[in-house]
Each structure stands twice: as structure tokens, then as C-alpha cells.
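Number of protein chains: 2
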Amino acid sequence: MPDFPASLYNRRTIRKYSTEPVHDQLLNDLLTAACRTSTTGNMQVYSIIVTRDAKMKIRLLPFHFNQKMVTEAPVVLTFCADFNRFSKWCRLRNAEPGYDNFLSFMTAAIDALLAAQTFCVAAEAKGLGICYLGTTTYMAQSIIEALGLPKGVVPVTTVTAGWPAEEPEQPDRLPLAAILHSETYRDYTEADIECYYAEKEARDDSRQFARENNKESLAQVFTDIRYTKADNVAFSKTLLQVLKDQGFMNH
Amino acid sequence: MPDFPASLYNRRTIRKYSTEPVHDQLLNDLLTAACRTSTTGNMQVYSIIVTRDAKMKIRLLPFHFNQKMVTEAPVVLTFCADFNRFSKWCRLRNAEPGYDNFLSFMTAAIDALLAAQTFCVAAEAKGLGICYLGTTTYMAQSIIEALGLPKGVVPVTTVTAGWPAEEPEQPDRLPLAAILHSETYRDYTEADIECYYAEKEARDDSRQFARENNKESLAQVFTDIRYTKADNVAFSKTLLQVLKDQGFMNH
Numbered sequence: 046m047p048d049f050p051a052s053l054y055n056r057r058t059i060r061k062y063s064t065e066p067v068h069d070q071l072l073n074d075l076l077t078a079a080c081r082t083s084t085t086g087n088m089q090v091y092s093i094i095v096t097r098d099a100k101m102k103i104r105l106l107p108f109h110f111n112q113k114m115v116t117e118a119p120v121v122l123t124f125c126a127d128f129n130r131f132s133k134w135c136r137l138r139n140a141e142p143g144y145d146n147f148l149s150f151m152t153a154a155i156d157a158l159l160a161a162q163t164f165c166v167a168a169e170a171k172g173l174g175i176c177y178l179g180t181t182t183y184m185a186q187s188i189i190e191a192l193g194l195p196k197g198v199v200p201v202t203t204v205t206a207g208w209p210a211e212e213p214e215q216p217d218r219l220p221l222a223a224i225l226h227s228e229t230y231r232d233y234t235e236a237d238i239e240c241y242y243a244e245k246e247a248r249d250d251s252r253q254f255a256r257e258n259n260k261e262s263l264a265q266v267f268t269d270i271r272y273t274k275a276d277n278v279a280f281s282k283t284l285l286q287v288l289k290d291q292g293f294m295n296h
Numbered sequence: 046m047p048d049f050p051a052s053l054y055n056r057r058t059i060r061k062y063s064t065e066p067v068h069d070q071l072l073n074d075l076l077t078a079a080c081r082t083s084t085t086g087n088m089q090v091y092s093i094i095v096t097r098d099a100k101m102k103i104r105l106l107p108f109h110f111n112q113k114m115v116t117e118a119p120v121v122l123t124f125c126a127d128f129n130r131f132s133k134w135c136r137l138r139n140a141e142p143g144y145d146n147f148l149s150f151m152t153a154a155i156d157a158l159l160a161a162q163t164f165c166v167a168a169e170a171k172g173l174g175i176c177y178l179g180t181t182t183y184m185a186q187s188i189i190e191a192l193g194l195p196k197g198v199v200p201v202t203t204v205t206a207g208w209p210a211e212e213p214e215q216p217d218r219l220p221l222a223a224i225l226h227s228e229t230y231r232d233y234t235e236a237d238i239e240c241y242y243a244e245k246e247a248r249d250d251s252r253q254f255a256r257e258n259n260k261e262s263l264a265q266v267f268t269d270i271r272y273t274k275a276d277n278v279a280f281s282k283t284l285l286q287v288l289k290d291q292g293f294m295n296h
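Now the structure itself:
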């Protein structure tokens, strides 16, 4: 039986890259694999913007909250939901596209995200390191301007890639049982939560993280510092405005 | 240099499955790999509902427009955006969660989709066949009821998996150049569209598909039959209502 690459189990996010280049041929091989990913109705309603230019990386940097991977990685990829190309094709063929709505945005975002993840799996199997930047949905409007994205196109995630220059510890994960539900959703009791989060909270790095942030619990680091309600609400409003501006809320 | 599995290039969606079971151990191995996928801030804000029960498959079947993979596949997986578990943990730790908003839905949906795709890559590397069901976002409300998903949980995609009982042709893809943009988005001219869609439109199966549907072009099959504006608008409204009902639109 064929086996899948050990990198699927051993993976860790890589934020420091060596100066060794990622050659065009390798990048193209990885992107070719990514474009074999499942896509709704074989429409391929996504685009990938490849950033290699140092000036463009500097321009993108603040939109990714100055995370240094943006300028230090040899390759930055912005995966975009894209109904622009498909709709242009339809109009050229006397077919009236009806993709200026929220469902179509979700369809295209799903296409883009699945392709992104295939790229990452393929890259890691080749020994490259990758890091996803969650900032893309927060700062979509600025990224749209920087990359010149037309109506019908919305960036949904960004991946930095390069040869690893660090070997970080593998991060913890919740027990598989915490994520899985058999047949129907079994809502979590307090005892379940205690059980599933016990190992994570007992870790030295978790305790240190809370201490460094002057918080009494790891959870408070998330709610009060890393992913606050105020930020989430503000970014929600701007993201919904982006969907409207990019032509995905006409209903 | 390690190599990635040939299945990344050779893949095709599998809709017919043999009666050979997918054993729990293999499924758990694949799901364990999926849970190693990148996740925003290591929050793992997703859940996976495993459907193996024949009665539950029959219940889900109409919500996936009676696609026979739902009842014929040994395993059906519904990947859900889930801020319920994480928010429960926060509240137990004197931390006030602020994840009842659209941005948080997108964050959780991204987590769920990336994990889904790792599952699929791993499954295909092991020789299994998979099929994504796009119907999940259309019929989210009914799926929520069938699977008993509480507030904070929204299904975003469904994957059927099993041992292949067919060897379909590999579907076509647009040339890589159609998907990629270097540095900035280069919007498509009519000549670009003609060039990128020429091979797809010249295929016998594309022509046959248009003919069978009594359409003058392949594009019209998409706009008039497969993914119509009326359906997209209706599903957009119900999906936005689902996000509201599940507690992701409080801003």
C-alpha cells in the first residue's frame, strides 16, 4: 500500500527561512500539484498571486502586521477567491454569470483554501517550510489595493514558503477525540473541556505564555490579547464591506 | 530530497466505492494527520462529524441533493467551523470569548477547510478515493439539524471516502498560467480568456456536455443549469441566515 509522507505527521510551521532560493521549477511543480486539487464543478474559481519582488514584500509587510516572514521568505503566495476570470469567460460565451453573491464567494474561497493546503502539503513533503498568515482576512482591503485585485476577487489566505532555518518544537494539539464526533455532535460538558484541555494547559510553554502576558489563564491570552472581541468585530465589518465592494453581496 | 506522493498529480475525484470497509485505525491515522494541519493561533476551531451509520447517511442524502456517494461511501465526513468548544473553554477559565462574529466564522471555516484537504491528500496517498460535496454550504441549515450542531458551529464542507470502484479519466485543468499572477493581478483580456479556455472547450466531453444540455456553449451549462443566479442568490440568503442563527453575525 502506498504511504503518505512523514511530513504530514511531523510538520511544524516554519517562520525562519534560509537564504537558499526556491527555484521557479520547484515552485511551478508545487503549484501544478495544487491546481490538481478538487474544485467546485471544475470551475477553478481561484487565483494565486506570487510575490517574489522585495519591494512588493515591503509593501505587503504592514498588512500582515509586520510579521517578518513576509520579507524574509523567498516566496509569498496570496490565495484569492476569484470569480472574475470565470465570469469573463461566461460573458464571452453568451452566458450570463450569476456569481456576484455570498454563496459564490464561499464557493471560491473554498476552492482557494483547498488549493493552498495542497500547495503546503506538497511543499513540506519536499522539505520546504511554510507559514499561513491569518492577517489576510483582516487586511483584505489593503491587500486588494497592493495586488491590484479587481471586482470578483478577494484574498482569503497567504502562505510564506522557503527552506527552513529553524527546527522549532512541534506544537501541541488537542486529543483527536476533542475534534471528532460520531454520527451527531456531542456537545461538551465542563468535564469534557477539562479533560481535553488539560494537557495543553499543563505545558510549560502554555504557563509561560500566560505569565509573560500577565494573564491568569492561557484562555485569557487569547480573549484579551491575541484575538479580542474589539478586533474581531472591527475586522468583521471591514471584511463584509470588502465582500460588498468586490461585488459578492448583490442580493 | 524527499518526494511527495504521485497521487497529488494523478488524482481524480472518486464517486464509486467498493464494499471494502475503511477500518477505524486507518481512518484515525488519516484524521490524526489532518489535525496536524496549520490552525489559526493553534486554536483548532473546527470539528469533524464522522458518519458511518446507514440511517444517518439516508437522513443526510437529500441535503446533498441525493448524490449517491453519501449512502454508498463507507465514510462521510462533515467538516465544521467550530468556535463552540473554544468559547466554552474560555468561559471556564474566566476569559470572555469574542468570537460571535463574521471574522471568527471565516477563521474557523479556514481551519476546517485546511484540515479537510490534508485529510483528502492523506487518504489519496493511501489509495482511498474522495469526493467533496459542495452542497454543504447550500443546505447548511438542514445539516445542522440532522447532525445536532449547536450555536457556534457551521458545516462548511463534506467529504465522502472509500476504496475506489472506478477509474475515471483525469479531468482537465486550465493552464497554470491562467491561475497564477506574478506580483500583481494581471486582469484578463478577451485574448487571454480565449487562450486559457481553448483546450477545455475543444474537448469532446465539453462539447458533449453542452449538447446533452441543449446549450450552445459549455459556459451556458454552468450559468443556466449547474450554478444559476437564482440558486446562488437563494442559497446566499439562507447561508447568511445560518451564520446569524449560529451566532456569527453579532456586530
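If you're matching them up, the sequences are chains A and B in order. Residue numbering for the first sequence follows the numbering used here, beginning at 46 and increasing consecutively. Residue numbering for the second sequence follows the numbering used here, beginning at 46 and increasing consecutively. A virtual CB, placed ideally from N, CA and C, is assigned to each residue, including glycine.
Check, Outcome
"Should Val67 (chain A) and Ala161 (chain A) be called a contact, given that it needs their Cβ atoms to be closer than 8 Å?", "no"
"List the endpoints of the continuous alpha helix (DSSP H) containing Ile103 (chain B).", "Ala99 to Leu105"
"Quick check on the DSSP output: the alpha helix (DSSP H) that includes Cys80 (chain A) runs from which residue to which?", "No alpha helix (DSSP H) contains Cys80 (chain A), which DSSP labels as neither H nor E."
"Opposite Thr305 (chain B) in the DSSP bridges: which residues?", "The first residue shown for chain B is 46 and the last is 296, placing residue 305 (chain B) beyond what the model contains."
"Could you tell me which chain B residues have their CB closer than 7 Å to the CB of Ser227 (chain A), listed as they occur along the chain?", "Val95"
"Can you confirm whether Met88 (chain B), when its beta carbon is compared against all beta carbons of chain A, has any partner nearer than 8 Å?", "yes"
"Can you list, in chain order, the residues of its chain with a C-beta nearer than 7 Å to that of Ile59 (chain A)? Leave out the 5 residues immediately preceding and following it.", "Gly174, Ile175, Cys176, Pro209 and Glu211"
"If you measure beta-carbon to beta-carbon, which residues of the region 227-249 of chain A are closer than 7 Å to chain B?", "Ser227, Glu228, Thr229, Tyr230, Asp232, Tyr233, Glu235, Ile238 and Tyr242"
"So, is the C-beta of Tyr54 (chain B) closer than 8 Å to a C-beta in chain A?", "yes"
"At what residue ranges does the region 115-165 of chain B contain a whole run of the beta strand (DSSP E), taking only runs of 3 or more?", "120-127"
"Return the Cβ separation of Val90 (chain A) and Thr152 (chain A) in integer angstroms, given the expectation that the two are a contact with Cβ distance under 8 Å.", "6 Å"
"Excluding the 5 residues preceding and the 5 following Gln254 (chain B) in the sequence, name in chain order all residues of the same chain whose CB lies nearer than 7 Å to its CB.", "Strictly speaking, residue 254 (chain B) in this sequence is Phe, with Gln absent from that position. Answer for Phe254 (chain B): Leu263 and Val266, listed in chain order."
"Using a cut-off of 8 Å between C-beta atoms, extract the partners of Pro195 (chain B) located in chain A.", "Tyr230 and Asp232"
"Report the three-state DSSP secondary structure of Gly179 (chain A) (helix, strand or coil).", "coil"
"Taking C-beta pairs closer than 9 Å, name the residues in chain B that Glu144 (chain A) reaches, listed in chain order.", "The amino acid occupying residue 144 (chain A) in the given sequence is Tyr; Glu does not appear at that position. Those within 9 Å of Tyr144 (chain A) in chain B are Thr268, Tyr272, Lys274 and Asn277."
"Go ahead and label Arg248 (chain B) buried or exposed: buried means 16 or more other beta carbons lie within 10 angstroms of its beta carbon, across all protein chains shown.", "exposed"
"Report the residue from B:Ile224, B:Glu190 and B:Asp217 whose alpha carbon sits nearest the alpha carbon of Glu244 (chain B).", "B:Asp217"
"Residues of chain B with CB closer than 7 Å to the CB of Phe280 (chain A), please, in chain order.", "Leu148"
"What residues from chain A crowd round Phe49 (chain B), counting only those whose CB sits closer than 8 Å?", "Pro50, Ala78, Val166, Ala167, Ala170 and Lys171"
"Less than 7 Å between C-beta atoms, sequence neighbours within five positions excluded: which residues of the same chain meet that for Thr82 (chain B)?", "Leu159, Ala160 and Thr163"
"For the alpha helix (DSSP H) holding Thr283 (chain A), just list the boundary residues, first then last.", "Lys274 to Asp290"
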